[in-house]
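A.B. asks:
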Amino acid sequence: MDITAQDVINTIEENLASINSIEGKKYIEIAFFGGSFTAIEKSLRQSLCKIAHTYLKEGRINGIRCSTRPDCIDDEILKELKEYGFTAIELGVQSTDDEVLLKSGRGHNSKATFYASKLIKEYGFSLGLQMMIGLLGDTYEKSIKTAKDIISLKPDCVRVYPTLVIKDTHLYDMMQNGTYTPITLDYTVKILAEILDMFYKEKINVIRVGLQTTDEVNEKTVTGPYHPAIRELAEGEIFKNKIEKFILENNLKNTKIIIFASSRNISKISGQNKKNSRYFYQKYKIKTKYVTDNTLTGLNLKIQKAD
Numbered sequence: 001m002d003i004t005a006q007d008v009i010n011t012i013e014e015n016l017a018s019i020n021s022i023e024g025k026k027y028i029e030i031a032f033f034g035g036s037f038t039a040i041e042k043s044l045r046q047s048l049c050k051i052a053h054t055y056l057k058e059g060r061i062n063g064i065r066c067s068t069r070p071d072c073i074d075d076e077i078l079k080e081l082k083e084y085g086f087t088a089i090e091l092g093v094q095s096t097d098d099e100v101l102l103k104s105g106r107g108h109n110s111k112a113t114f115y116a117s118k119l120i121k122e123y124g125f126s127l128g129l130q131m132m133i134g135l136l137g138d139t140y141e142k143s144i145k146t147a148k149d150i151i152s153l154k155p156d157c158v159r160v161y162p163t164l165v166i167k168d169t170h171l172y173d174m175m176q177n178g179t180y181t182p183i184t185l186d187y188t189v190k191i192l193a194e195i196l197d198m199f200y201k202e203k204i205n206v207i208r209v210g211l212q213t214t215d216e217v218n219e220k221t222v223t224g225p226y227h228p229a230i231r232e233l234a235e236g237e238i239f240k241n242k243i244e245k246f247i248l249e250n251n252l253k254n255t256k257i258i259i260f261a262s263s264r265n266i267s268k269i270s271g272q273n274k275k276n277s278r279y280f281y282q283k284y285k286i287k288t289k290y291v292t293d294n295t296l297t298g299l300n301l302k303i304q305k306a307d
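Residue numbers for the sequence shown follow this note's numbering, beginning at 1 and rising by one.
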């Protein structure tokens, strides 16, 4: 079914009514997502831009955001978006490895990503970059290199998506005939932990990890490393790595350690079903005690050996 201008207006009005019922200061955006916005037919794109711009002029929203492909960005497009008051553009980078891009049928190379990112920032837009791990031809090293390249582009935000396989897609057919194997959840958690830790250290805002659960996307409808709380699993792995580093540096065994962290992080540190706590006891015979300290922000923690 084709989406009409009235459909868009109805959706915006419904969401604004819901948002305005919530008290407190809010930053409200209209976002054109789910495809390459700058690649759609020009008259349709401009009609949607005009709708969003009207809400911006009326002061009912604070910004306009869209997602698109790196090879669908140029001066003409950016001038148009600027005129309509767009504030943020997100690029589906996926990978900066040309072999992965080619095998995935992306239709552009890594140069397009670097060029488009530079141009977007020059025009004064907020830049968002989206990457995927586990694409056809991807490796641990290639994903880490992509994360490093993204950091070098100094984005304002990033999204990280593990590759999932959905029925009735080309990737699903490849999985069926054995030419593509989805990455495992354990592998995904380990590489996500490293990538997220890199972004956090550079103070890059990670606004999404993994696809949001919907009727179409859940553990029953996809194959691959899907988990509704995959970010928490990855952050639990970051904590596990920090604690293990402390254990090894201090040559600890057969003892007890006290771990201080904010209340929101205690469950992550312990791990899902206390997985991390069991790991430290089984490998090092170390018992762990967790103490709330809400002066510790972010993923910071303190560790000390129990007396």
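We treat Cβ as the ideally placed atom computed from N, Cα and C, and that holds for glycine. Predicted, not measured: the structure shown is a model, and the values here were computed from it.
Mapping the DSSP letters down to three states, classify Ile120 as helix, strand or coil.
C.D. replies: Position 120 of the sequence shown, counted from the first residue, corresponds to residue 120. Looking at Ile120 - three-state DSSP - the assignment turns out to be helix.
A.B. asks: Helix or strand or just coil, what does DSSP make of Ala31?
C.D. replies: Mapped onto the sequence shown, residue 31 falls at position 31. In this structure, Ala31 counts as strand in the three-state DSSP scheme.
A.B. asks: Under a Cβ-count criterion, where at least 16 other Cβ atoms within 10 Å of its own Cβ denotes burial, should Thr221 be classed as buried or exposed?
C.D. replies: Your numbering for residue 221 matches position 221 in the sequence shown. Result: exposed.
A.B. asks: For Gln317, is the classification buried or exposed, using 16 other Cβ atoms within 10 angstroms of its Cβ as the cut-off for buried?
C.D. replies: Examination of residue 317 is not possible in this model, given that the chain is present from 1 through 307 alone.
A.B. asks: Spell out a yes or no on whether the stretch 140–153 and the stretch 166–182 are touching, meaning 3 or more CB-CB pairs, one atom from each, closer than 8 angstroms.
C.D. replies: No, the stretch 140–153 is not in contact with the stretch 166–182.
A.B. asks: Decide if Ala112 is buried, meaning its Cβ has at least 16 other Cβ atoms within 10 Å, or exposed.
C.D. replies: Position 112 of the sequence shown holds residue 112. The residue in question, Ala112, is buried, as its Cβ has 16 or more Cβ neighbours within 10 Å.
A.B. asks: Can you tell me where the alpha helix (DSSP H) holding Ser143 begins and where it ends?
C.D. replies: Your numbering for residue 143 matches position 143 in the sequence shown. Here the alpha helix (DSSP H) through Ser143 covers 140–152.
A.B. asks: Just tell me which of Ile166, Thr288, Gln282 has its CA closest to the CA of Ile257.
C.D. replies: Looking up residue 257 in the sequence shown gives position 257. It is Thr288 whose Cα lies nearest to the Cα of Ile257.
A.B. asks: Would the beta-carbon of Phe37 fall within 8 angstroms of that of Ser18?
C.D. replies: Counted from its first residue, the sequence shown places residue 37 at position 37. Counted from its first residue, the sequence shown places residue 18 at position 18. Going by C-beta atoms, Phe37 is not nearer than 8 angstroms to Ser18.
A.B. asks: Where does the unbroken beta strand (DSSP E) through Arg264 begin, and where does it stop?
C.D. replies: Against the sequence shown, residue 264 aligns to sequence position 264. Run containing Arg264: none; DSSP gives neither H nor E here.
A.B. asks: In the DSSP output, what is Leu129 paired with across the bridge?
C.D. replies: The residue you call residue 129 lines up with position 129 of the sequence shown. Leu129 is bridged to Leu91, Val158.
A.B. asks: Between Ile3 and the rest of its own chain, which residues show a CB-CB distance below 6 angstroms, the 5 nearest in sequence each way excluded?
C.D. replies: Walking along the sequence shown from the start, residue 3 turns up at place 3. So no residue of the chain qualifies.
A.B. asks: I'd like the list of long-range same chain contacts for Tyr27, defined as Cβ closer than 8 angstroms, with 5 residues on each side in sequence excluded.
C.D. replies: Taking the first residue of the sequence shown as position 1, residue 27 is located at position 27. Counting only Cβ-Cβ distances below 8 angstroms, and skipping sequence neighbours, we find Asn62, Gly63.
A.B. asks: Taking Cβ positions, are Gly224 and Leu164 nearer each other than 8 angstroms?
C.D. replies: Counted from its first residue, the sequence shown places residue 224 at position 224. Counted from its first residue, the sequence shown places residue 164 at position 164. Cβ atoms of Gly224 and Leu164: closer than 8 angstroms.
A.B. asks: Using only the alpha-carbon positions, how far apart do Arg60 and Phe33 sit?
C.D. replies: Start at 1 with the first residue of the sequence shown, and residue 60 comes out as number 60. Start at 1 with the first residue of the sequence shown, and residue 33 comes out as number 33. Spanning the two alpha carbons is a distance of roughly 20 angstroms.
A.B. asks: Checking the sheet assignment: what are the DSSP bridge partners for Ser270?
C.D. replies: The residue given as residue 270 occupies position 270 in the sequence shown. Beta-bridge pairing links Ser270 to no other residue.
A.B. asks: Helix, strand or coil: how does DSSP classify Thr288 here?
C.D. replies: The residue labelled residue 288 in the question sits at position 288 within the sequence shown. Note: Thr288 maps to strand in three-state DSSP.
A.B. asks: Check this for me: beta carbons of Gly134 and Ile183, under 8 angstroms apart or not?
C.D. replies: Within the sequence shown, residue 134 is the residue found at index 134, counting from 1. Within the sequence shown, residue 183 is the residue found at index 183, counting from 1. Contact flag set, yes.
A.B. asks: Roughly how many angstroms lie between the CA atoms of Arg208 and Pro228, to the nearest whole one?
C.D. replies: Numbered from its first residue, the sequence shown carries residue 208 at position 208. Numbered from its first residue, the sequence shown carries residue 228 at position 228. Cα-Cα distance, rounded: 12 angstroms.
A.B. asks: Give a yes or no on whether the C-beta atoms belonging to Leu101 and Asn109 are separated by under 8 angstroms.
C.D. replies: Taking the sequence shown and counting its residues from 1, the one referred to as residue 101 is at position 101. Taking the sequence shown and counting its residues from 1, the one referred to as residue 109 is at position 109. Yes, the Cβ-Cβ distance between Leu101 and Asn109 is below 8 angstroms.
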